[in-house]
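All residue numbers for the sequence shown refer to full-length UniProt numbering, where the first residue is 1 and numbers rise by one.
What follows is a short report on a single structure.
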Amino acid sequence: MHIAIVGNIGAGKTTLANKLAHHFHWEVFLEDVDHNPYLKDFYDDMPRWAFHLQVYFLNSRFRQTQRIKTLQSAGKGVIQDRTIYEDAHIFAANLHESSLMTERDYQNYLNLFESMISMVEPPDLLLYLRADLPKLIQQIEKRNRDYENNIKIEYLRNLNDHYEKWISSYKHGKLLIVDVNHLDYVQNPEDLGTIIDRINSTLFGLF
Ligand SMILES: Nc1ncnc2c1ncn2[C@@H]1O[C@H](COP(=O)(O)OP(=O)(O)O)[C@@H](O)[C@H]1O
Ligand SMILES: Nc1ncnc2c1ncn2[C@H]1C[C@H](O)[C@@H](COP(=O)(O)O)O1
């Protein structure tokens, strides 16, 4: 079983991924953020580092999908924090549309993505955490990563627009949309329970 959690920056993916992995006793696959050699530079100068960062994320995410495949073949359950689909359909697409990545770099990136995606298996469940801008901003501030302090509201809004468009056309498998605007699964166990019930219901038809 493979559940992938998707959503904008600060939506609560990592927090939920850890909680679900603990609940189901499954392995968790998180993003390569702390050791990412481009992320800080990217936030300082997006046009300069957009292509480098996208190639880095694409490769690290692809390697992750191959490790997930191996675990799944061994009958293990996996929770994944963010997917390779988001790199291309959300982040790279947004950078290109915002003129922060050149046409030449974007086409080069897309060709690479197309070569890789044929070897990627979609998750059994895609769990989209939908959050409005105030919630995202509040949680990005709460997390307080220094390089994210200057993220523009416009950037988050554009990403949210891309998420909504992508989710509305997602056809690779089961999809569960959870509105997290009024959920606090950090403080309230009932809120986590509600999400787990919805996952069980979508995946296994329980409840
Ligand atoms: N539903 C929630 N309610 C309250 N706080 C949350 C919730 N989800 C996440 N947080 C907090 O918001 C911050 C960002 O969450 P995180 O899981 O790192 O988001 P993401 O991985 O989507 O970027 C963390 O400090 C986390 O504890
Ligand atoms: N593909 C990406 N392009 C640009 N930025 C990205 C990409 N994937 C992740 N990120 C950024 C967004 C955040 O600053 C960190 C971690 O993501 P988070 O949603 O907080 O888990 O990396």
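Glycine residues also receive a C-beta, built at the ideal position from the N, C-alpha and C atoms.
As the structure is a prediction and not an experimental result, all values here were calculated from the model.
query: Which residues in the same chain have their Cβ closer than 7 Å to the Cβ of asparagine 181, if we skip the five residues on either side of it in sequence?
result: Working through the sequence shown from its first residue, we reach residue 181 at position 181. Closer than 7 Å at the Cβ level, and outside the excluded window around asparagine 181, lie Ala131, Asp132, Lys135.
- prompt: Under the three-state reduction of DSSP, which class applies to histidine 2: helix, strand or coil?
  reply: Taking the first residue of the sequence shown as position 1, residue 2 is located at position 2. Taken through DSSP and simplified to helix, strand or coil, histidine 2 comes out as strand.
task: Buried or exposed for arginine 82, please, with buried defined as at least 16 other CB atoms from any protein chain shown within 10 angstroms of its CB.
output: As a first step, residue 82 must be located in the sequence shown, where it is residue number 82. Around the beta-carbon of arginine 82, 16 or more other beta-carbon atoms lie within 10 Å, marking it buried.
message: I'd like the span of the beta strand (DSSP E) that includes tyrosine 128, first residue to last.
response: Here residue 128 refers to the residue found at position 128 of the sequence shown. Unbroken beta strand (DSSP E) run through tyrosine 128: 125–130.
query: Does the distance from the C-beta atom of valine 33 to that of asparagine 18 stay below 9 Å?
result: In the sequence shown, residue 33 corresponds to position 33, counting from 1. In the sequence shown, residue 18 corresponds to position 18, counting from 1. With respect to the 9 Å criterion, valine 33 and asparagine 18 are not classified as neighbours on the basis of their beta carbons.
- prompt: In this structure, does DSSP put leucine 176 in helix, strand or coil?
  reply: In the sequence shown, the residue the question calls residue 176 occupies position 176. Under the three-state reduction of DSSP output, leucine 176 falls in the strand class.
message: According to DSSP, simplified to helix, strand and coil, what is glutamate 154?
response: What you label residue 154 is simply residue 154 of the sequence shown in a count that begins at 1. It is helical.
- request: For aspartate 179, count neighbouring C-beta atoms within 10 Å of its own C-beta (all shown protein chains included) and say buried if the count is 16 or more, exposed if not.
  value: In the sequence shown, the residue the question calls residue 179 occupies position 179. Result: exposed.
field: Neighbourhood of aspartate 191 by C-beta distance below 6 Å, restricted to the same chain and skipping five residues each side
entry: Mapped onto the sequence shown, residue 191 falls at position 191. So the list reads Leu183, Asp184, Tyr185, once near-sequence residues are dropped.
task: Output yes or no for whether 9 Å exceeds the beta carbon distance between leucine 53 and leucine 39.
output: Taking the sequence shown and counting its residues from 1, one reaches residue 53 at position 53. Taking the sequence shown and counting its residues from 1, one reaches residue 39 at position 39. Cβ distance < 9 Å, so leucine 53 and leucine 39 count as in contact.
- request: Starting from aspartate 87, follow the beta strand (DSSP E) in both directions and report where the run begins and ends.
  value: One-based indexing of the sequence shown puts residue 87 at position 87. Taken as a continuous stretch (DSSP letters only), aspartate 87 belongs to no beta strand (DSSP E), as it is neither H nor E.
query: Do the CB positions of alanine 50 and methionine 101 come within less than 9 Å of each other?
result: Stepping through the sequence shown from its first residue, residue 50 is reached at position 50. Stepping through the sequence shown from its first residue, residue 101 is reached at position 101. Going by C-beta atoms, alanine 50 is nearer than 9 Å to methionine 101.
query: Can glycine 173 and leucine 127 be called in contact, C-beta distance under 9 Å?
result: Counting from one through the sequence shown, the residue named residue 173 turns up at place 173. Counting from one through the sequence shown, the residue named residue 127 turns up at place 127. No, the Cβ-Cβ distance between glycine 173 and leucine 127 is not below 9 Å.
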